[in-house]
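Read the structure below first, then the notes.
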DNA sequence: TTGAAAGCGCTAACAT
DNA sequence: ATGTTAGCGCTTTCAA
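Residue numbers (the UniProt record's numbering), protein chains in the order written: chain A, 1 to 336; chain B, 1 to 336.
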């Protein structure tokens, strides 16, 4: 019968051994005779013994679980990253705990505190759009708590990072639009402070430059909360509608679909005259109307790489880690 | 300085009190003088003391965390349910742990075992498409472990359930299509065994009946893994293409978008002759092409109700709970 | 090779 | 009103 909640003591009693011997046998310690091990293992198997992970965590200060912090799981990119993380975590016997910030810096901090105090062994995180102060994360890392950043990474903290080649992605998008004949290319992006915003903006500017187009600040629009807050996207799209843009490069899943929605609702004529390219990992872009060109991040890979780095860091005995920044290529999925 | 890892002992030592007094003061026990409480609270605040939740869990057999098990977080419906759950859980100081089955019965069982052994106080779950044996869940509940089911609920287990009015939703969809003039209405659905499949199928049949249309089994197609497995959806859509259906009622987020994709790719002419209604909680249905009619579940509400029931059950001292089945209305979002 | 005992941080009888 | 002590289930010195 499953789930009987036996303890090591029960096994010890049943087998006339001491709890410590049982514990060692279960962990396949070299000090235990093969015979005893077999005995213990067999009995444990028979009663379907499960170690109490809480007790072990308390003792070992290790929980074999890693935390994930993203802004929203209802985001194609993040949910794919999470799948990637899970795929390596489970393989190495780590459990995964997911939490959302909804782009709030306060919620982010609460989540971090919670995961830390629950003896999560390390954290994988993408910063919230609102986050500006990351010093508490640095403190945590200084104390030896491993954090690997992905996608939205802090500028200053020495840590592993896994990101997409956002600059190149932005460049590719603009290059594609320019080739299609656009000459007034707008840019719709998330919070100014985010690494991804900066990098993609840079790519955008490079792209314009390469095609002899000028950078017009009136065509660059920010959503401080990544389009999550009521009205921020509408306002910005309205502002854009008053300009004469003929192409747009959008920086993010939520913004891309949000832009399409607002345009469909309010500017269904105008939208036909705009060529659209955007970062999105939606698996259903090909059923969107109007059709758009997608810049895709290798989300699953990013999750895998980030998880590998984290687990490696967790399991490294000494903190002397050389931090890496892994940059993965984006791909452009042109509309047919 | 944050995250210093002070313990109750540290406070006790600093204040010349015993650990138990500190513990009681921190928990605002009636036996402690107001003075001492103030002293302890102030000092705890000052050093930013955080109780170690692992230790507390071990002692109390309670973790103030609840587990969520869904097939996929990359599903509009489920991610909205999760948001609803979070909204009540956080309000009552419960942490939430999310895990995915990817429609695998084995993964589901592993997740349940893991969450249970980690002293999760209870579970909120929607069954995987593959699940047939739920006896282990019943065993768990018999041992006093609270589980509340939502969306995909087991037929036999006495437990709280929170579901949408799937039958009515199915009926509404078919009614809508029939009114539009469809006479050969197909039905694309998930695994046969799932409660939602059965209920929606029933609504579908009722709808046909109400409009004097006959039920043709050739028009009802199942995806055993909810469209998650490679090829299962393609095959079924192909089979359908060989019939003369002029309307289709689709039972689920993944299937609805999947259907649109396959049709767009392979039957882009044919699709124009089919009226489509489907269960989906996508927030971007209005940018889909072709346009579809959405049957929406009150996902956020469902999450809230389920979480309330679970927490109530967790906090009920004695197991004598009268199990409820909450049925929430669906709404039909007609295309414009 | 095995056992006894201490301790992780917290709570709760049971003293006082 | 406060302190002493034991114990949650596990691991791990230290001793035998």
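Beta carbons are placed, not taken as given, at the ideal position from N, Cα and C, and that holds for glycine.
Residue burial is scored here from C-beta neighbours: residue 75/B has at least 16 other C-beta atoms within 10 angstroms and is therefore classed as buried. In this structure, the beta-carbon distance from residue 250/A to residue 187/A falls below 9 Å. Judged by DSSP in its simplified three-state form, residue 230/A adopts coil rather than helix or strand.
For the set 77/A, 115/A, 69/A, 63/A, the Cα lying nearest the Cα of residue 94/A is the one of 63/A. For residue 300/B, the enclosing alpha helix (DSSP H) covers residues 299-315.
Scanning 182/A, 17/A, 291/A for the CA closest to the CA of residue 280/A turns up 291/A. When secondary structure is reduced to three states using DSSP, residue 145/B falls in the coil class, being assigned neither helix nor strand. Between residue 55/B and residue 58/A, the beta carbon gap of about 6 Å places them in contact (Cβ cut-off 8 Å). Between residue 100/B and residue 303/B, the gap from beta carbon to beta carbon reaches 9 Å or more. Interface with chain B (9 Å Cβ-Cβ cutoff): residue 74/A is included.
Within the region 240-299 of chain B, the beta strand (DSSP E) runs of at least 3 residues that lie entirely inside it are, in chain order, 247-251, 275-279, 293-296.
Bounds of any alpha helix (DSSP H) do not take in residue 194/B, whose DSSP letter is neither H nor E. When beta bridges are read from the DSSP output, residue 122/A appears opposite 66/A.
Of all residues in the region 260-287 of chain A, the ones placed with a Cβ closer than 7 Å to any Cβ belonging to chain B are 260, 261, 264, 284, 286, 287, in chain order. DSSP places residue 221/B in the uninterrupted beta strand (DSSP E) bounded by 220-222. Using a Cβ-Cβ distance cut-off of 8 Å, the region 318-333 of chain A and the region 150-167 of chain A are in contact, since at least three pairs of beta carbons, one from each stretch, lie closer than that value.
Annotation: residue 229/B has no Cβ neighbours in chain A at a cutoff of 8 Å; minimum Cβ distance is about 15 Å. According to DSSP, residue pairing for residue 186/B in a beta bridge involves 248/B. For residue 119/B, the C-beta contacts it makes with chain A under 7 Å involve 54, in order along the chain.
At least 9 Å separates the CB of residue 156/B from every CB of chain A.
Residues of the region 78-91 of chain A that bring their beta carbon within less than 8 Å of a beta carbon in chain B comprise 79, 80, 82, 83, 86, in sequence order. Judged by their CB atoms, residue 296/A and residue 240/A are not nearer to each other than the 9 Å cut-off. When C-beta atoms of the region 173-187 of chain A are compared with those of the region 132-147 of chain A, fewer than three pairs fall below 8 Å, so the two segments do not count as touching.
Chain B places a beta carbon closer than 9 Å to that of residue 58/A, counting this residue as a contact. Interface criterion met: the Cβ of residue 63/B is under 9 Å from a Cβ in chain A. In the same chain as residue 236/A, and ignoring 5 residues on each side of it, the C-beta atoms closer than 8 Å to its own belong to 188, 221, 222, 223, in chain order. Taking 8 Å as the upper bound on Cβ-Cβ separation, chain B lies near residues 113, 114, 116, 117 of the region 102-117 of chain A.
By the 16-neighbour rule on beta-carbons within 10 angstroms, residue 273/A is exposed. No Cβ-Cβ contact shorter than 9 Å links residue 77/A with residue 193/A. When rounded, the separation of the alpha-carbon atoms in residue 109/B and residue 149/B is 15 Å. Residue pairing by DSSP places residue 150/B opposite 162/B in a beta bridge. Residue pairing from DSSP leaves residue 117/B without any beta-bridge partner. Any Cβ of chain A closer than 9 Å to the Cβ of residue 296/B would place that residue at the interface, and such an atom is absent. Boundaries of the beta strand (DSSP E) around residue 331/A: 331-333. Three or more beta-carbon pairs separated by less than 8 Å are not found between the region 121-138 of chain A and the region 104-118 of chain B, which leaves the two stretches without contact. The straight-line gap separating the alpha-carbon atoms of residue 18/B and residue 315/B is approximately 30 Å.
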